[in-house]
Amino acid sequence: MGYACPVCDTEQADGVHLANHLAVTASLGREEHLEFLETYAPDWADCSPEELAEEVREYAPEIDLPEFDEGGGPTFEDELARQTSGVGRGDLTRGTATEETERVLEEARELTRRMHEDGDENA
Numbered sequence: 001m002g003y004a005c006p007v008c009d010t011e012q013a014d015g016v017h018l019a020n021h022l023a024v025t026a027s028l029g030r031e032e033h034l035e036f037l038e039t040y041a042p043d044w045a046d047c048s049p050e051e052l053a054e055e056v057r058e059y060a061p062e063i064d065l066p067e068f069d070e071g072g073g074p075t076f077e078d079e080l081a082r083q084t085s086g087v088g089r090g091d092l093t094r095g096t097a098t099e100e101t102e103r104v105l106e107e108a109r110e111l112t113r114r115m116h117e118d119g120d121e122n123a
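Taking our numbering, the leading residue of the sequence shown gets 1, the next gets one more, and so forth.
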């Protein structure tokens, strides 16, 4: 069981992931997420992820999460790019990404791929 974000319905694995999603998304300039936190967890900026999870979990619907095969889900970088590529996400994401942004994202994807490969070798 996981949680759906009470603002945007994004699936989260648990309360801590939900808290992190809300806090990071609000910090990236998503007004709806910031308003939610200011209303239901006004001290959110001073909370640890675990403390914030305790405050926001009750407002998020519990959901069944799909089972992913190893490597079957979107990467962290792909999901972050999807969530931060819309209107209201700051000047860097309006229009096309810069060459530097693309380079950094590609490097992050490669590091993530290597990390998963290293984890498979150690398992």
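Using N, Cα and C, we set each Cβ at its ideal position, and we do this for glycine too.
Do the CB positions of MET1 and GLU55 come within less than 7 angstroms of each other? Position 1 of the sequence shown holds residue 1. Position 55 of the sequence shown holds residue 55. Result no, Cβ atoms of MET1 and GLU55 do not sit closer than 7 angstroms.
Going by the DSSP bridge assignment, what does GLN127 pair with across the sheet? Outside the modelled stretch of the chain, which goes from 1 to 123, sits residue 127, for which no answer is possible.
Looking at the strands, I want to know which residues DSSP matches up with GLU62. As a first step, residue 62 is located in the sequence shown; it is residue number 62 there, counting from the start. Paired residues: TYR3.
Check the C-beta distance from ALA41 over to LEU52 and give it rounded, since I have them as a contact under 8 angstroms. What you label residue 41 is simply residue 41 of the sequence shown in a count that begins at 1. What you label residue 52 is simply residue 52 of the sequence shown in a count that begins at 1. Confirmed, Cβ separation roughly 6 angstroms.
Helix, strand or coil, according to DSSP, for PRO49 in the structure here? Mapped onto the sequence shown, residue 49 falls at position 49. It is helical.
Just to confirm, is the Cβ distance from GLU31 to VAL7 under 7 angstroms? On the sequence shown, position 31 is the one that residue 31 refers to. On the sequence shown, position 7 is the one that residue 7 refers to. For GLU31 and VAL7, no; Cβs fall outside 7 angstroms.
Using a Cβ-Cβ cut-off of 7 angstroms (strictly less than) and excluding sequence neighbours within five positions of ASN20, which residues of its own chain qualify? Position 20 of the sequence shown, counting from 1, holds the residue named residue 20. Around ASN20: PRO49.
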